[in-house]
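Take a look at the structure set out below.
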Amino acid sequence: MEEGLCRQGSKKTSRQWSREGDTILVYRKEEGAFFTQVYVTELTDTQLREYIYEDPDGRKFKKVTLGDYSDESIKQFRRQNLIYKTSSGREYKKYYLDEARFAIGSIWTDIVNLSKGQHEQVGYLTQKPEELLDRIIRASSQDGDIVLDCFAGSGTAAVVAEKLGRRWIACDLSRFAIHTTRKRLLEIRGVKPFIVQNLGKYERQAWQVAEFPANGKDHLEEQRQREVAYRQFILDLYRGRPLTGHAWLHGIKGGRMVHVGAVDAPVTLADVKAISKEAWKALGAGKDAPTKAAVDILGWEFAFELNELAKQVAAESRVDVAFKKIPREVLDKKAVEQGDVRFFELGALSVDAKQSGYEARLKLKDFVIPTDDIPEEARKAIKHWSQLIDYWAVDWDYKGDTFHNQWQTYRNRKNPTIELEASYKYVNSGKYAIVVKVIDILGNDTTKTMEAVVKDKR
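Right under this line is the structure:
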């Protein structure tokens, strides 16, 4: 089924036909799928001209024939003074203008395109009006239903679903899209906690299959062969040498062990724990074995809440870890041949934490990310480290599950600067884990965890 969206204010041009409309495709899995009719109350000029009659109090109405109504209904209309009688004595039902509503058809002409300067405009090329998604979601779902948007873009579907009390899942391959969606959601008063997850990159999966052909007896054997060849390829680029006999440790360089992250999944906190545990077992185990508990962890992606938190976990195991990003240039044969592949360490966050009684105060002191990842034009405009931060938030009572944005500050067009200090007053005594999450201008997450110990005043 198709719906037509007529573009209001579409750009006219003398070089081609102007784009006057979009097509919305409507599917349903089975008969009986939920649908509720949507109505509008703003009438067209043609419709308004039908309301030419008036009651003594000035209330306008149009007349409707009584042929489709039962005798009982007509009696009810009389009791409610809803019958209009003409000079010839013919009777009609009054249909008042202030009660008028019209069912939406398959061509929608009342939704206006977004334009520069509108309050909901975020500068995303494919952004759709909230009014459009509001209509679609209201018509095809109920409170508590799940709305899935596989191409989130600027996040309009998730934003509207949240406002309407629906649950939602939003997906996109672009970090910028995910970051834009997150900021829009945070602007909603009373937004429920949500989690951002990285599910891997299909481009790299295709690259691995094409770059490292295998001839195993079955799919699992072929996959194992590709993984071995892939890890050796990354180790060669990193100037490391293979380290065998381990599940999580794949190489060694300058006395430090090396872990090569998978092509299709981010490095997680659980991975770091397993790597740290195995690092101790590898010490002195055979010829050319590592002599110090230090690991460089190479990854295409890192779990959004990893960096500082994982470093602390590793430090508790007395393992020195460094997170280094496998650059996209690895996929470029020319860059590989020219030696233009460099591995940059992830951002580092410095936070000053103070506590007085039941109050905790945080102040960002420094933030460093690999500047080579930043476009040259943006890099030249950065005069202070705080300009590298687009958004940061605090969960003052992190319980190891979903990060709760109990406080946040972020840049937008109205407020291009961010606050660097935050404070919070606890109600009860006890130990609390404080997690600070920073999103840099590239859309990457860096987190840091601290502990607050609140003692009873009595």
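Here our numbering is used: the first residue of the sequence shown is 1, the next is one more, and so on. Idealized CB from N, CA, C, for every residue including glycine.
Going by beta-carbon coordinates alone, are residue 382 and residue 367 separated by less than 7 Å? Here the question's residue 382 lines up with position 382 in the sequence shown. Here the question's residue 367 lines up with position 367 in the sequence shown. Against a cut-off of 7 Å, the Cβ pair of residue 367 and residue 382 comes out as no contact.
According to DSSP, what are the bridge partners of residue 146? Translated into positions along the sequence shown, residue 146 becomes position 146. For residue 146, which the question treats as bridged, DSSP gives the partners 167.
Whose CA, out of 348, 89 and 330, lies closest to the CA of residue 207? In the sequence shown, counting from the first residue as 1, residue 207 sits at position 207. For the residues 348, 89 and 330, the minimum Cα distance to residue 207 belongs to 330.
Please state the DSSP three-state secondary structure of residue 230. Here residue 230 corresponds to residue number 230 of the sequence shown, with the count starting at 1. Of the three classes helix, strand and coil, the one that applies to residue 230 here is helix, per DSSP.
Shortest alpha-carbon distance to residue 347 belongs to which of 67, 441 and 155? Sequence index remark: in the sequence shown, residue 347 carries index 347 (1-based). Residue 347 has its Cα closest to that of 441, out of 67, 441 and 155.
Rounded distance between the beta-carbons of residue 344 and residue 325, thought under 8 Å: Taking the first residue of the sequence shown as position 1, residue 325 is located at position 325. Taking the first residue of the sequence shown as position 1, residue 344 is located at position 344. Confirmed, Cβ separation roughly 5 Å.
Residues that DSSP places opposite residue 350 in a beta bridge: Mapped onto the sequence shown, residue 350 falls at position 350. The partner list for residue 350 (beta bridge, DSSP) reads 366.
Taking the alpha-carbon positions, what's the residue 148 to residue 431 distance? Along the sequence shown, one-based indexing puts residue 148 at 148. Along the sequence shown, one-based indexing puts residue 431 at 431. The straight-line gap from Cα to Cα measures roughly 38 Å.
Please return the same chain residues whose Cβ sits closer than 7 Å to the Cβ of residue 340, not counting the five positions on each side in sequence. By one-based count along the sequence shown, residue 340 stands at place 340. Answer for residue 340: 329, listed in chain order.
Quick one: grab the DSSP three-state call for residue 301. Mapped onto the sequence shown, residue 301 falls at position 301. Looking at residue 301 - three-state DSSP - the assignment turns out to be coil, as it is neither helix nor strand.
Mark residue 445 as exposed unless 16 or more other C-beta atoms lie within 10 angstroms of its C-beta, in which case mark it buried. Locating residue 445 in the sequence shown gives position 445, counting from the first residue. Buried is the call here.
Can you tell me where the alpha helix (DSSP H) with residue 47 in it begins and where it stops? Counting from one through the sequence shown, the residue named residue 47 turns up at place 47. Per DSSP, residue 47 belongs to the alpha helix (DSSP H) from 45 to 48.
Per-residue burial, residue 301 [other beta carbons within 10 Å of its own, 16 or more giving buried]: In the sequence shown, residue 301 corresponds to position 301, counting from 1. Under this definition residue 301 is a buried residue.
Are the beta-carbon atoms belonging to residue 282 and residue 259 less than 7 Å from one another? As a first step, residue 282 is located in the sequence shown; it is residue number 282 there, counting from the start. As a first step, residue 259 is located in the sequence shown; it is residue number 259 there, counting from the start. In this structure, residue 259 does not lie closer than 7 Å to residue 282 by Cβ.
For residue 178 versus residue 162, is the C-beta spacing smaller than 7 Å? What you label residue 178 is simply residue 178 of the sequence shown in a count that begins at 1. What you label residue 162 is simply residue 162 of the sequence shown in a count that begins at 1. Taking 7 Å as the Cβ cut-off, residue 178 and residue 162 do not qualify as a contacting pair.
Which residues bound the alpha helix (DSSP H) around residue 71? As a working mapping, residue 71 is identified with position 71 in the sequence shown. Taken as a continuous stretch (DSSP letters only), the alpha helix (DSSP H) holding residue 71 covers 71 to 79.
Kindly indicate which residue of 95, 29, 429 and 393 has the alpha-carbon position closest to the one of residue 418. Within the sequence shown, residue 418 is the residue found at index 418, counting from 1. If we check each option's Cα against that of residue 418, 393 comes out closest.
With DSSP as the reference, please indicate the residues paired to residue 35 in a beta bridge. Numbered from its first residue, the sequence shown carries residue 35 at position 35. In DSSP, residue 35 forms no bridge with anything.
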